[in-house]
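See below for the structure under consideration.
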Amino acid sequence: DVLCAEFPDEPKWMGGAEKQNCFEDFQCGAQYLINQGHSSAEKITINGGLNGGLLVAACTNQRPDLFGCAIARVGVMDMLRFHKFTIGHAWTTDYGCSDKEHFEWLVKYSPLHNIKVPEKDEIQYPSMLLLTKPTAKVIEEVSDMFAFISQCL
3 DVLCAEFPDE PKWMGGAEKQ NCFEDFQCGA QYLINQGHSS AEKITINGGL
53 NGGLLVAACT NQRPDLFGCA IARVGVMDML RFHKFTIGHA WTTDYGCSDK
103 EHFEWLVKYS PLHNIKVPEK DEIQYPSMLL LTKPTAKVIE EVSDMFAFIS
153 QCL
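Quick note: the sequence shown uses this note's numbering, first residue 3, plus one each step.
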């Protein structure tokens, strides 16, 4: 079975204050596959690059129980500072930036700011692979920081 989605006519549905909808829809798709007996969390691997890397990292933080493996390729990991690096300032129309108006919803899904402590939070992260490349528009150091903090916990 393949899950497909239709995007509404309103383009802002997927960004800004509504960005969390993307993560919840993705998680619901995985939950559907599990509930229908098509798969199990241990068998579901998620993979995404750039904005998809953000999707993978955010969903892994929010619902680690749904996935057996996660691959985030050059994802935007620091939603509070992405606009200060390279071309990130051009993405503020999609994501917002960490000013007073946008801070509250950005911090709720920013992968770097939502890493859980497995023992304390009683969760188990899936196996994760974080990929970057030196020529990427997304800052490599932030992905490295995300990986380092995740390993330390």
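Note that CB positions come from ideal geometry on N, CA and C, so glycine has one too.
Contacting residues, own chain, Cβ-Cβ under 7 Å from residue i (five flanking each side not counted)
i	result
S41	L35
P66	I125, Q126, Y127 and P128
Proximal residues to residue i (C-beta, below 6 Å), its chain only, five neighbours per side dropped
i	result
R75	G51, G55 and L133
G17	D96
C61	F25, F28 and Q29
H104	G98
L5	The pLDDT assigned to L5 is 45, lower than 50, so where the model puts this residue is not dependable; a value taken from the coordinates is nonetheless given after this. Result list for L5: G31, in chain order.
H85	H91, T94 and C99
Where the beta strand (DSSP E) containing residue i begins and where it ends
i	result
L133	S129 to L133
N37	Where N37 is concerned, there is no enclosing beta strand (DSSP E), although the alpha helix (DSSP H) it sits in stretches over Q22 to N37.
C71	C71 to R75
Buried versus exposed, by CB contacts within 10 Å (16 or more), residue i
i	result
S152	buried
Integer Cβ distance of residue i from residue j, believed to fall under 8 Å
i	j	result
G70	I89	Not confirmed; about 33 Å, so no contact.
A43	L68	5 Å
Contacting residues, own chain, Cβ-Cβ under 8 Å from residue i (five flanking each side not counted)
i	result
M165	Residue 165 lies beyond the range of the chain shown here (3 to 155); nothing can be said about it.
Q64	F25, Q29, Y111 and N116
Extent of the continuous alpha helix (DSSP H) to which residue i belongs
i	result
N63	N53 to Q64
E106	K102 to Y111
T95	T94 to Y97
D80	Premise fails: D80 is in no alpha helix (DSSP H) and is neither H nor E.
K122	P120 to D123
Beta-bridge partners of residue i, as assigned by DSSP
i	result
T47	C71
Min CB distance residue i to chain D below 7 Å
i	result
Q29	The question asks about chain D, but that chain is absent: this structure has only one protein chain.
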